[in-house]
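Numbering (full-length UniProt numbering), first residue to last: 1 to 770.
1. Thinking C-beta only, is residue 663 closer than 8 Å to residue 680?
2. Would residue 356 and residue 439 be called neighbours here (beta carbons separated by less than 8 Å)?
3. Taking C-beta to C-beta, are residue 359 and residue 303 nearer than 8 Å?
4. Can you look up residue 287 in the DSSP assignment and give me helix, strand or coil?
5. Among 518, 477, 201, 158, which has the Cα closest to the Cα of residue 491?
6. Which first and last residues belong to the alpha helix (DSSP H) in which residue 660 is found?
7. CA-CA distance, residue 319 and residue 367?
8. Measure how close the beta-carbons of residue 567 and residue 594 come, nearest whole angstrom, since I'm counting them as under 8 Å.
9. According to DSSP, is residue 378 part of a helix, a strand, or is it coil?
10. Within the same chain, show all residues whose beta-carbon is closer than 7 Å to that of residue 749, passing over the 5 residues directly before and after it, in chain order.
11. Could you give the DSSP three-state label for residue 505: helix, strand or coil?
12. Output the boundary residues of the alpha helix (DSSP H) element that contains residue 171.
13. Is there a Cβ of chain C sitting closer than 8 Å to that of residue 272, yes or no?
14. For residue 192, does the count of other Cβ atoms within 10 angstroms reach 16, so buried, or fall short, so exposed?
15. Have a look at residue 667 and residue 687 and give me their C-alpha separation to the nearest angstrom.
16. Does the distance from the CB of residue 600 to the CB of residue 737 come in under 8 Å?
17. Where does the unbroken alpha helix (DSSP H) through residue 623 begin, and where does it stop?
18. Between the beta-carbon of residue 334 and the beta-carbon of residue 315, is there less than 8 Å?
19. Tell me which residues share the same chain as residue 17 and place their Cβ nearer than 7 Å to its Cβ, disregarding the 5 neighbours each side in the sequence.
20. Around the Cβ of residue 622, are there at least 16 other Cβ atoms within 10 angstroms (buried) or fewer (exposed)?
21. Does the distance from the CB of residue 493 to the CB of residue 450 come in under 8 Å?
22. Could you say which of 463, 43, 138 lies nearest to residue 435 if we only look at CA atoms?
23. Near residue 384, which residues of its chain fall below 6 Å by C-beta distance, leaving aside the five closest residues on each side in sequence?
24. Just the Cα atoms here: how many angstroms apart are residue 571 and residue 371?
25. Can you find at least 3 beta carbon pairs, one from the region 546–560 and one from the region 606–622, that sit closer than 8 Å?
26. Taking Cβ to Cβ, would you say residue 393 is nearer than 8 Å to residue 414?
27. Taking C-alpha atoms, which residue in 604, 272, 550, 648 lies nearest to residue 613?
28. Would the beta-carbon of residue 645 fall within 8 Å of that of residue 735?
29. Please name the residue, chosen from 200, 130, 30, 362, that lies closest to residue 117 on a Cα-to-Cα basis.
30. So, helix, strand or coil for residue 606, using DSSP?
31. Would DSSP call residue 540 helix, strand or coil?
32. Taking only three categories from DSSP, how would you classify residue 333?
33. From what residue to what residue does the alpha helix (DSSP H) around residue 314 run?
34. Just checking my contact of residue 552 with residue 484 at CB under 8 Å: how many whole Å lie between their CB atoms?
35. Do you know how far the Cα of residue 596 is from the Cα of residue 739?
36. Exposed or buried, which one is residue 188 when buried takes at least 16 other CB atoms within 10 Å?
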């Protein structure tokens, strides 16, 4: 008997085949996982079908259809024994398939059902994606709803692909807002007892499952599995909520240890999420047997230390050299923490030295580092764990991932629990590195607080312990920079907390916060002051130290903007609504003074940015540079808009010129950082509109002056105010960006036109976190 080779047969349609064999419900899951046509489905494996959740009977039905298409007659069983029917003449592919089927596999135990933990019944429900929302709406169309399941799935996919970019962005923007609301709800939920109980249940479940798996392998019995099932069921009460039982390893520890354990559990779950996004492409991660080139790794690690070491403390060059020696010239077994540190630092350094590793390798390095950094290795050395949490939070910020705040929170919990007790001995200090890492964690916590509006995790006791000056002369300049960085960041976080709402921006609060900033400015060591730095006097500062000092002063000027920004918005709203504004306790004279102070701060930031260049040692993803360039631009454009509303043309050119300099600082970043690109797309139209209005205003003023001089030379020059109708949209958008640059507070309930929702296309909003 001769069987036709499938290569000569036209490739059938996958949808038609699945409908014929009654498996059309599997079409969406096959298409989503790369099996979009029959040509790919014929090579599907048993493991693939298992992962796609095919029922056993449905698997056999599909496999029989594949075997028939390959040329295997239906009378030949898919599980045929070697002593089977007479040999037949099969095609090459059919013979290969039949040979695989006829090779008797070794006997094995029947696959047991893999248990999964119960979902948390109290957790906020995760919102739907943009595609699912689009599909739900499309199914309400009577013409679509009458179709079969397969045709509906096909039509939804086709229309989604054909949807114009503007409309698709609306769906994605709505879904992103819903996800942000869900994340806010989760943030609140994670502070409840229900969440802590569920984390205890998860830890217990994982431990019991591991014990059950070991018991099954060694004894081949079901006793352990049954015990696990009974114990796990007991950990839930009758309502389905996690029970209050606690593993002995945690129950035996104090409350600080329990809080620390919960924080670490959350942090590592977030790391796993970020790692999973990287390792889904079947990329081999690095390990002790598969290492990246040592020279490139060392260069990348050095680039990270040079790029960050003058601003915050994490590692020294000597420490990284020691890590490299232990990995590339090992004596015995390599410590997993060494691998985690090496790969993570190298991944961070690739942000600063783009010639070391391409983006794909940088992501693999990071994922490889997190594979060796988990809850077991974290308990071996808490100082190293703190430092790795700090470094991975830096990576998360550059990658725009939410896990940054959870990593910082876990690091602070460890610092409170372990390191203060380890910091002293009867003979004096043991290791000052922990205090420096502790202080850097506080800086990162404050930074996330006042740039993204999250509640600060740092406590007053943290500040007392971590920010105390050290009695050491080594690296004196770096130590001074680290100290001032933390201090100004804490003040900025305090400003954000105190002025959380417009009604809190009273004159008393503003004066109190301004006094804190003035005290900080007066206490800055002479060697770090801006006039000394910009003078022509000889200096022993390195390029990195000089840049770090400039960034510290940018943060100080940015804190001034944080103090005054609510006042600026209220004053601008008063201009547009005939004095109707928030009930703030400052006068119009105070408002004008605040506007001047804020504009001067923005202009000074622009001047300092001139001194900072992307010379290959500063990452173009630097969030500090991007954030303050954007904020200073908004302040200066806002100042120009206010002057135009008042009919004053003097000083508008200066504001627009400095705003343009800040925007030019974002230009080299836009090809590396999408948020910089979106910032510029938002800023340039505003800048162009203000410049055009100003030029028209100056032109009208010159015409009016000429006419006046011809009639009455002694008459004063007139002030020509711009119409509110023309300026209102620009001023509103600038005010919204000034108070809420990330679109995180879009649910304003309006008592003013500037508190309305963002445009549907998201043009005013920059969604920062993924």
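From the three backbone atoms N, C-alpha and C, an ideal C-beta is built for every residue, glycine too.
Taking the definition as stated:
1. Within the chain shown, numbered from 1, the residue matching residue 680 stands at position 680. Within the chain shown, numbered from 1, the residue matching residue 663 stands at position 663. Yes.
2. In the chain shown, the residue the question calls residue 356 occupies position 356. In the chain shown, the residue the question calls residue 439 occupies position 439. For residue 356 and residue 439, no; Cβs fall outside 8 Å.
3. As a working note, residue 359 is residue 359 in the chain shown. As a working note, residue 303 is residue 303 in the chain shown. Contact: no.
4. The residue given as residue 287 occupies position 287 in the chain shown. It is a strand residue.
5. Taking the chain shown and counting its residues from 1, the one referred to as residue 491 is at position 491. For the options 518, 477, 201, 158, the alpha carbon positioned closest to that of residue 491 is the one of 518.
6. Locating residue 660 in the chain shown gives position 660, where the first residue counts as 1. Annotation for residue 660: the continuous alpha helix (DSSP H) segment containing it runs 652–666.
7. Position 319 of the chain shown, counted from the start, is the residue given in the question as residue 319. Position 367 of the chain shown, counted from the start, is the residue given in the question as residue 367. It is roughly 22 Å from the alpha-carbon of residue 319 to the alpha-carbon of residue 367.
8. Numbered from 1 along the chain shown, position 567 holds the residue referred to as residue 567. Numbered from 1 along the chain shown, position 594 holds the residue referred to as residue 594. The beta-carbon separation of residue 567 and residue 594, rounded to 5 Å, stays under the 8 Å limit for a contact.
9. Looking up residue 378 in the chain shown gives position 378. Helix at residue 378.
10. On the chain shown, position 749 is the one that residue 749 refers to. Legend: pLDDT at residue 749 = 35, less than 50; position of this residue unreliable, value from coordinates given subsequently. There are no such residues.
11. Translated into the one-based positions of the chain shown, residue 505 becomes position 505. The three-state reading of DSSP puts residue 505 in coil, since its state is none of H, G, I, E or B.
12. Taking the first residue of the chain shown as position 1, residue 171 is located at position 171. Segment 165–189, the alpha helix (DSSP H) holding residue 171.
13. Absence of chain C from the displayed structure is noted, only one protein chain being present.
14. Taking the chain shown and counting its residues from 1, one reaches residue 192 at position 192. Classification of residue 192: exposed, given that the 10 Å Cβ count is below 16.
15. In the chain shown, counting from the first residue as 1, residue 667 sits at position 667. In the chain shown, counting from the first residue as 1, residue 687 sits at position 687. Each residue's Cα considered, the two are about 15 Å apart.
16. Translated into positions along the chain shown, residue 600 becomes position 600. Translated into positions along the chain shown, residue 737 becomes position 737. Not closer than 8 Å, so no.
17. As a working note, residue 623 is residue 623 in the chain shown. 623–645 is the extent of the alpha helix (DSSP H) around residue 623.
18. Taking the chain shown and counting its residues from 1, one reaches residue 334 at position 334. Taking the chain shown and counting its residues from 1, one reaches residue 315 at position 315. By the CB criterion at 8 Å, residue 334 and residue 315 fall outside the cutoff.
19. Position 17 of the chain shown, counted from the start, is the residue given in the question as residue 17. Taking residue 17 as the centre and dropping the five residues before and after it, the same chain places the C-beta of 38, 65 closer than 7 Å to its C-beta, in chain order.
20. In the chain shown, residue 622 corresponds to position 622, counting from 1. So residue 622 ends up on the buried side.
21. Within the chain shown, residue 493 is the residue found at index 493, counting from 1. Within the chain shown, residue 450 is the residue found at index 450, counting from 1. Taking 8 Å as the Cβ cut-off, residue 493 and residue 450 qualify as a contacting pair.
22. Reading the chain shown from its first residue, position 435 is the one you call residue 435. Among 463, 43, 138, the Cα nearest to that of residue 435 belongs to 463.
23. Within the chain shown, numbered from 1, the residue matching residue 384 stands at position 384. Here the set comprises 337.
24. As a position in the chain shown, residue 571 is number 571, starting the count at 1. As a position in the chain shown, residue 371 is number 371, starting the count at 1. Cα to Cα, the separation comes out at about 52 Å.
25. Taking 8 Å as the limit for Cβ pairs, the verdict is that the region 606–622 does touch the region 546–560.
26. Stepping through the chain shown from its first residue, residue 393 is reached at position 393. Stepping through the chain shown from its first residue, residue 414 is reached at position 414. Judged by beta-carbon spacing, residue 414 lies beyond the 8 Å limit of residue 393, meaning their Cβ atoms are not closer than that value.
27. As a first step, residue 613 must be located in the chain shown, where it is residue number 613. Of the candidates 604, 272, 550, 648, the one whose C-alpha sits nearest the C-alpha of residue 613 is 550.
28. Looking up residue 645 in the chain shown gives position 645. Looking up residue 735 in the chain shown gives position 735. It is not a contact, given that the beta carbons lie outside the stated cut-off.
29. By one-based count along the chain shown, residue 117 stands at place 117. Nearest C-alpha to residue 117: 200.
30. The count along the chain shown starts at 1 and reaches residue 606 at position 606. The DSSP-derived three-state label of residue 606 is helix.
31. Position 540 of the chain shown holds residue 540. Coil, per DSSP.
32. Residue mapping note: residue 333 aligns to position 333 of the chain shown, counting from 1. Reduced to three states, the DSSP call for residue 333 is coil.
33. Stepping through the chain shown from its first residue, residue 314 is reached at position 314. Counting along the chain, residue 314 falls outside any alpha helix (DSSP H), and DSSP gives it neither H nor E.
34. For the purposes of this step, residue 552 is taken as the residue at position 552 of the chain shown. For the purposes of this step, residue 484 is taken as the residue at position 484 of the chain shown. A Cβ-Cβ distance of about 5 Å is found for the pair residue 552 and residue 484, placing them in contact under the 8 Å criterion.
35. The count along the chain shown starts at 1 and reaches residue 739 at position 739. The count along the chain shown starts at 1 and reaches residue 596 at position 596. For residue 739 and residue 596, the distance between alpha carbons rounds to 18 Å.
36. Working through the chain shown from its first residue, we reach residue 188 at position 188. With fewer than 16 other beta carbons inside 10 angstroms of its own, residue 188 counts as exposed.
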